[in-house]
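These protein sequence lines map, in sequence, to chains A and C. For the first sequence, the numbering used here assigns the number 17 to the initial residue and increments by one for each residue that follows. For the second sequence, the numbering used here assigns the number 30 to the initial residue and increments by one for each residue that follows. By construction, the Cβ of each residue, glycine as well, lies at the ideal position given by its N, Cα and C atoms.
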Amino acid sequence: DIQMTQSPSTLSASVGDRVTITCRASQSISSWLAWYQQKPGKAPKLLIYKASSLESGVPSRFSGSGSGTEFTLTISSLQPDDFATYYCQQYNSYSFTFGGGTKVEIK
Amino acid sequence: QLQLQESGPGLVKPSETLSLTCTVSGGSISSSSYYWGWIRQPPGKGLEWIGSIYYSGSTYYNPSLKSRVTISVDTSKNQFSLKLSSVTAADTAVYYCARHPVKVVYAIIGEFDYWGQGTLVTVSS
Chain A
17 DIQMTQSPST LSASVGDRVT ITCRASQSIS SWLAWYQQKP GKAPKLLIYK
67 ASSLESGVPS RFSGSGSGTE FTLTISSLQP DDFATYYCQQ YNSYSFTFGG
117 GTKVEIK
Chain C
30 QLQLQESGPG LVKPSETLSL TCTVSGGSIS SSSYYWGWIR QPPGKGLEWI
80 GSIYYSGSTY YNPSLKSRVT ISVDTSKNQF SLKLSSVTAA DTAVYYCARH
130 PVKVVYAIIG EFDYWGQGTL VTVSS
């Protein structure tokens, strides 16, 4: 199985900050990576697919990059609505795995 | 607008079988463009993919759960279902159903683009 490791597990930031979350795969997954945002009591919401493609309706302050085994999610200017937990997920194989999550907290 | 809705018992006894159904509305489960999956999230923890099914019945399962999982599809009702046998307290979680597109050109099943709201299943006597 492909293991996905996210860092940091928790991040404290202020409104307006640039935030970067990292996701590493245990083997190459090409660009087959998605990022999700989850708020308490809600289902995850797709933000980014194929490592860098922005899902329709998602604000442009979210961006993704990377390929192979190392990926990043960047929020260019953190907004109040962005305080949430973020997960990466690989879909390179027919066995899908998620990272452990990164909680973005208010500093 | 596509909607997915999970339904089933919220409480299951240890050693019994957990059964959930996902009803799809606003779109056809028989579309050749999508797989349909189950994902779960224990309270306060991360996400775990359980398995996915195509309208034809083709399935993929998480290897760590494969011996206990059965996913089936009923195209006449636009539903797919999950059965998880021999449950323990470790199976207590919010269970989500979701859709993921087939990327034919790449022979890949893609990201989860639509999700149900989730349903909490507690395993307890």
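Proximity winner among the options, relative to residue i (alpha-carbon distances)
i, options, result
"THR46 (chain C)", "C:TYR125, C:PRO38 and C:SER60", "C:PRO38"
"GLY80 (chain A)", "A:GLU121, A:SER44 and A:LEU89", "A:LEU89"
"LYS42 (chain C)", "C:GLY147, C:THR121 and C:GLU35", "C:THR121"
"SER154 (chain C)", "C:GLN146, C:GLN30, C:GLU140 and C:SER44", "C:SER44"
"GLN95 (chain A)", "A:ILE122, A:LYS61 and A:SER69", "A:ILE122"
"GLY57 (chain A)", "A:THR101, A:THR113 and A:VAL120", "A:THR101"
"ASP102 (chain C)", "C:PRO92, C:LEU94 and C:TRP67", "Per the sequence shown, residue 102 (chain C) should be read as Val rather than Asp. It is C:TRP67."
"ARG40 (chain A)", "A:ASP97, A:GLY32 and A:SER25", "A:SER25"
"THR151 (chain C)", "C:ARG69, C:GLN32, C:PHE109 and C:TRP65", "C:ARG69"
"ARG82 (chain C)", "C:PRO72, C:PRO71, C:GLN32 and C:GLY139", "A small correction: the amino acid at residue 82 (chain C) is Ile; Arg does not occupy that position in the sequence shown. Checked all of C:PRO72, C:PRO71, C:GLN32 and C:GLY139; the closest Cα to ILE82 (chain C) is C:GLY139."
"ILE58 (chain C)", "C:ILE137, C:LYS106, C:LYS132 and C:GLU77", "C:LYS106"
"TRP78 (chain C)", "A:THR118, A:VAL120, A:THR113 and A:LYS119", "A:THR113"
Residue span of the beta strand (DSSP E) that contains residue i, given as start and end
i, result
"ILE64 (chain A)", "61 to 65"
"PHE87 (chain A)", "86 to 91"
"GLU35 (chain C)", "32 to 36"
"LYS112 (chain C)", "108 to 113"
"TRP48 (chain A)", "Taken as a continuous stretch (DSSP letters only), TRP48 (chain A) belongs to no beta strand (DSSP E), as it is neither H nor E."
Local conformation of residue i per DSSP, three classes
i, result
"SER81 (chain C)", "strand"
"ARG34 (chain A)", "coil"
"ASP142 (chain C)", "coil"
"ALA136 (chain C)", "coil"
"ARG77 (chain A)", "coil"
"ALA100 (chain A)", "coil"
"SER23 (chain A)", "strand"
"LYS95 (chain C)", "helix"
Test item: CB-CB of residue i and residue j under 8 Å
i, j, result
"GLY75 (chain C)", "GLY116 (chain A)", "yes"
"CYS51 (chain C)", "PHE141 (chain C)", "no"
(Q) For the region 105 to 117 of chain A against the region 114 to 126 of chain C, do three or more pairs of beta-carbon atoms, one drawn from each stretch, fall closer than 8 Å, so that the two count as touching? (A) no
Q: Decide yes or no for the touch test of the region 70 to 86 of chain A against the region 105 to 116 of chain C: beta carbon pairs closer than 8 Å, at least 3 of them.
A: no
(Q) Counting beta carbon pairs with one atom in the region 82 to 101 of chain C and one in the region 52 to 71 of chain A, are three or more of them shorter than 8 Å? (A) A contact between stretches requires three or more CB pairs, one per stretch, nearer than 8 Å, and the region 52 to 71 of chain A fails this requirement with the region 82 to 101 of chain C.
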